[in-house]
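In the UniProt record's numbering, the protein residues as written are 12 to 240. Glycine included, C-beta positions come from ideal geometry on N, C-alpha and C.
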Amino acid sequence: VPMISMTGVAKWYGAFQALKDVNITVNKGEKIVLCGPSGSGKSTLIRCINHLESYQEGQIKVGGMVLGHEAKSIDAVRREVGMVFQQFNLFPHLTVMENCMLAPMRALKVSRSEAESRARQLLARVQIAEQADKYPAQLSGGQQQRVAIARALCMRPKVMLFDEPTSALDPEMVKEVLDTMIALADEGMTMICVTHEMGFARQVADRVIFMASGAIVEEAPPAEFFSNP
Ligand code: ADP
Ligand code: ADP
Numbered sequence: 012v013p014m015i016s017m018t019g020v021a022k023w024y025g026a027f028q029a030l031k032d033v034n035i036t037v038n039k040g041e042k043i044v045l046c047g048p049s050g051s052g053k054s055t056l057i058r059c060i061n062h063l064e065s066y067q068e069g070q071i072k073v074g075g076m077v078l079g080h081e082a083k084s085i086d087a088v089r090r091e092v093g094m095v096f097q098q099f100n101l102f103p104h105l106t107v108m109e110n111c112m113l114a115p116m117r118a119l120k121v122s123r124s125e126a127e128s129r130a131r132q133l134l135a136r137v138q139i140a141e142q143a144d145k146y147p148a149q150l151s152g153g154q155q156q157r158v159a160i161a162r163a164l165c166m167r168p169k170v171m172l173f174d175e176p177t178s179a180l181d182p183e184m185v186k187e188v189l190d191t192m193i194a195l196a197d198e199g200m201t202m203i204c205v206t207h208e209m210g211f212a213r214q215v216a217d218r219v220i221f222m223a224s225g226a227i228v229e230e231a232p233p234a235e236f237f238s239n240p
């Protein structure tokens, strides 16, 4: 079952073409690692999937929905697709718990008690239960990133997108975030991860996709991908 399909996707920033004829199918439960040099379009590609960026050509389907560029369609995709950024992007004036409750209450109109119960459960799952009433600035980077993962999961997304989730972390905190992502992968989440962590790619990815200059230049299972000379 294709969870995400991109066909012939092209995107320009003004005169600069950032994505060139991108074709990707991600089936339910598949894990994709997207890699390639800085500026090759990885971030742009995953931002197109949840409509943080618009694109000019081709089609992206998420969970069978053809996504137009109108607001209704963007809301629909943001409900299906969770995203985790390099810079955590937590609201600094809200507690960890409030950060997790906000989107389900606003976007899904779930009750306060339901949002709180989801948040408690997911914060426990990423081992942050004890920090629930703290503010983001009181947490380490690794803890903040695990909160960001829990916050995305509170929407019960079908797909999770990760944009260099460990690149802004001190080295000793990388493992705790990767372990959280590995646990999520083991539970069967469909994932696209932009990362330079090749150990993670070997362990988790069904396929590694390599981009250069806005195009996909290689796509292979990790064993094959890493055996190339
Ligand atoms: P990557 O994630 O692989 O580092 P990006 O998707 O961030 O690459 O960027 C791809 C290219 O598009 C880069 O050359 C970058 O400078 C350019 N780019 C990204 N965002 C914008 C923007 N908002 N306006 C103009 N150019 C952009
Ligand atoms: P990341 O590495 O997380 O993709 P970047 O530093 O590439 O972050 O980009 C940060 C922001 O600046 C993004 O919103 C991106 O779209 C924008 N951006 C990147 N390159 C350019 C560019 N050449 N011109 C304008 N905006 C850009």
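Just to confirm, does residue i get its C-beta within under 7 Å of one of the non-hydrogen atoms of ligand 1?
i      : result
SER54  : yes
TYR146 : no
TYR66  : no
PHE27  : yes
Kindly list the residues whose CB is nearer than 8 Å to the CB of residue i, restricted to its own chain and excluding five residues on each side of it in sequence; keep chain order.
i      : result
VAL121 : PRO115 and ARG129
ALA21  : GLN28, LEU30, LYS31, ASP32, VAL33, TYR66, GLN67, GLU68 and GLY69
PRO103 : TYR146, PRO147 and ALA148
ARG90  : ALA118, LEU119, MET166 and PRO168
Residue i to residue j, Cα distance in whole Å?
i           : j      : result
ARG136      : ALA161 : 8 Å
GLN142      : GLN214 : 30 Å
THR36       : MET202 : 12 Å
GLU183      : MET17  : 36 Å
SER238      : LEU133 : 37 Å
residue 5   : ASN61  : Nothing about residue 5 can be read from this structure; the chain reaches only from 12 to 240.
ALA87       : GLU127 : 22 Å
residue 262 : PHE99  : What is shown of the chain runs 12 to 240, which leaves residue 262 out entirely.
ALA212      : LEU105 : 33 Å
LYS169      : ALA163 : 11 Å
GLU125      : ALA196 : 25 Å
LEU45       : PRO233 : 11 Å
Just to confirm, is the Cβ distance from residue i to residue j under 8 Å?
i      : j      : result
PHE221 : GLU208 : no
MET200 : MET166 : no
LYS42  : ASP190 : no
ASN38  : VAL77  : no
GLY152 : ALA179 : yes
MET112 : ASP144 : no
To which residues of the same chain is residue i closer than 7 Å at the C-beta, ignoring the five residues directly before and after it?
i      : result
LEU101 : ASN110, PRO147, GLN155, VAL158 and ALA159
GLU175 : GLN97, VAL205 and THR206
GLY52  : ALA29, LEU30, MET222 and GLY225
Quick check: does the Cβ of residue i come within less than 7 Å of any heavy atom belonging to ligand 3?
i     : result
SER49 : Of the ligands one can find in the structure shown, namely ligand 1 and ligand 2, none is ligand 3.
Taking the alpha helix (DSSP H) that residue i falls in, what are its first and last residues?
i      : result
PHE236 : 233-236
THR55  : 53-60
VAL158 : 152-164
ILE193 : 182-197
ASP144 : Run containing ASP144: none; DSSP gives neither H nor E here.
MET209 : 209-215
GLU91  : 82-91
State the start and end residues of the unbroken beta strand (DSSP E) segment that holds residue i.
i      : result
PRO13  : 13-24
LYS120 : Premise fails: LYS120 is in no beta strand (DSSP E) and is neither H nor E.
LEU45  : 42-46
Identify, in the order they occur along the chain, each residue of the same chain with its Cβ nearer than 6 Å to the Cβ of residue i, setting aside the five sequence neighbours on each side.
i     : result
LYS72 : SER16
Would you verify that the beta carbon of residue i is, or is not, closer than 8 Å to some beta carbon of chain E?
i     : result
ILE85 : Included in the structure is just one protein chain, with no chain E present.
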